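Below you'll find the structure, written out as structure tokens, and then a few comments.
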Amino acid sequence: NAGVTQTPKFQVLKTGQSMTLQCAQDMNHNSMYWYRQDPGMGLRLIYYSASEGTTDKGEVPNGYNVSRLNKREFSLRLESAAPSQTSVYFCASSEVGTILLGEQFFGPGTRLTVL
Amino acid sequence: AQSVTQLDSQVPVFEEAPVELRCNYSSSVSVYLFWYVQYPNQGLQLLLKYLSGSTLVESINGFEAEFNKSQTSFHLRKPSVHISDTAEYFCAVRDGSGAGSYQLTFGKGTKLSVIP
Chain A
971 NAGVTQTPKF
981 QVLKTGQSMT
991 LQCAQDMNHN
1001 SMYWYRQDPG
1011 MGLRLIYYSA
1021 SEGTTDKGEV
1031 PNGYNVSRLN
1041 KREFSLRLES
1051 AAPSQTSVYF
1061 CASSEVGTIL
1071 LGEQFFGPGT
1081 RLTVL
Chain H
106 AQSVTQLDSQ
116 VPVFEEAPVE
126 LRCNYSSSVS
136 VYLFWYVQYP
146 NQGLQLLLKY
156 LSGSTLVESI
166 NGFEAEFNKS
176 QTSFHLRKPS
186 VHISDTAEYF
196 CAVRDGSGAG
206 SYQLTFGKGT
216 KLSVIP
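In the order they appear, the protein sequences are chains A and H. The numbers in the first sequence follow the working numbering, run straight up by one, and end at 1085. The numbers in the second sequence follow the working numbering, run straight up by one, and end at 221.
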């Protein structure tokens, strides 16, 4: 099993450009998440999808959109990138149940720089 | 909403010395608690978790954490650190009340630097 995979690993954008970060998991998890990590800020939740067909805003959703394409895939889109969106983006997945109780599994991250 | 405080942003420690990384969370009726580790240029990996039962939980590489409900703490300890423990450590909490929230709330992280 590959676990959680993310593409691309690195990306440089100019202000105003758009792009989509891709995430896929092969653990048959229902829930998926997008976080951003900034120095000294920890991880902040951007959006999450509790199950296929649903998405909800997290702590810092402004400037982002998401699509839960199917149970495996959850993409994050920046419509008009801004320098403040320079960050490392992590995708995660989890299964809520009596065994795992919300443990989240993380992808390797995408390092995004907006010039 | 839950909040998590990691009291130290950076902790330098000599190799083979003990270490404690502190974590406090906001009070709740029931919580699930996690410690994640992030090695340089990698994603987060689960180190250990408290769900229920014994308040002392251990990881396979010698870390342990104790859930203290009265002090709302979940400090991480290791009696003797190794160079390979150099990483950033994140404490996280999930509301265990069964209200349906799947979200984890993370602390801001503690960078552990092990000095040879």
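Beta carbons are placed, not taken as given, at the ideal position from N, Cα and C, and that holds for glycine. The structure presented is a predicted model; accordingly, all values stated were derived computationally and were not measured.
Quick one: list the residues of chain H neighbouring residue i, beta-carbon separation under 9 Å, in chain order.
i	result
residue 1031/A	The premise fails here: residue 1031/A is roughly 13 Å from chain H at the closest Cβ pair, so nothing lies under 9 Å.
Are the beta-carbon atoms of residue i and residue j separated by less than 7 Å?
i	j	result
residue 1050/A	residue 1037/A	no
residue 164/H	residue 149/H	no
residue 132/H	residue 191/H	no
residue 186/H	residue 219/H	yes
residue 160/H	residue 179/H	no
residue 1013/A	residue 1005/A	yes
Could you work out which residues of chain A lie near residue i, taking near to mean beta carbons separated by less than 9 Å?
i	result
residue 107/H	None at all; the shortest Cβ gap to chain A is about 12 Å.
residue 174/H	By Cβ distance, chain A contributes nothing, its closest Cβ being about 17 Å from residue 174/H, past 9 Å.
residue 195/H	1012 and 1013
Could you list which residues in chain H have their beta carbon closer than 8 Å to that of residue i, in chain order?
i	result
residue 1053/A	Neighbours of residue 1053/A on chain H: none; closest Cβ ~22 Å, over 8 Å.
Going straight from the alpha carbon of residue i to that of residue j, what length do you get?
i	j	result
residue 109/H	residue 987/A	35 Å
residue 1032/A	residue 1024/A	18 Å
residue 1035/A	residue 992/A	12 Å
residue 995/A	residue 188/H	32 Å
residue 1063/A	residue 183/H	28 Å
residue 51/H	residue 1052/A	Summary: the structure shown does not reach residue 51/H, with chain H confined to residues 106 through 221, and so no result is reported for it.
residue 126/H	residue 217/H	8 Å
residue 119/H	residue 166/H	18 Å
residue 117/H	residue 193/H	12 Å
residue 138/H	residue 112/H	16 Å
residue 1043/A	residue 221/H	43 Å
What residue does the beta strand (DSSP E) around residue i start on, and which one ends it?
i	result
residue 116/H	115–119
residue 1035/A	1034–1038
residue 193/H	192–200
residue 180/H	178–183
residue 1045/A	1044–1048
residue 1085/A	Looking at the DSSP string, residue 1085/A is not in any beta strand (DSSP E), and its letter there is neither H nor E.
Find the residues of chain A that neighbour residue i, judging by a C-beta separation of less than 8 Å, and give them in chain order.
i	result
residue 212/H	1012
Can you list the residues of chain H that residue i reaches, using a CB-CB cut of under 7 Å?
i	result
residue 1023/A	Correct list: empty, because the minimum Cβ distance to chain H is about 15 Å.
residue 1074/A	209
For this session: Quick one: which unbroken beta strand (DSSP E) runs of 3-plus residues sit fully inside the stretch 108–174 of chain H? Chain order, please.
Result: 115–119, 124–126, 136–143, 149–155, 161–163 and 169–173
Exercise. Which whole runs of the beta strand (DSSP E) in the stretch 976–1037 of chain A are 3 residues long or more, in chain order?
Worked result: The beta strand (DSSP E) runs of length 3 or more contained entirely in the stretch 976–1037 of chain A are, from start to end of the chain, 980–983, 989–995, 1001–1008 and 1012–1019.
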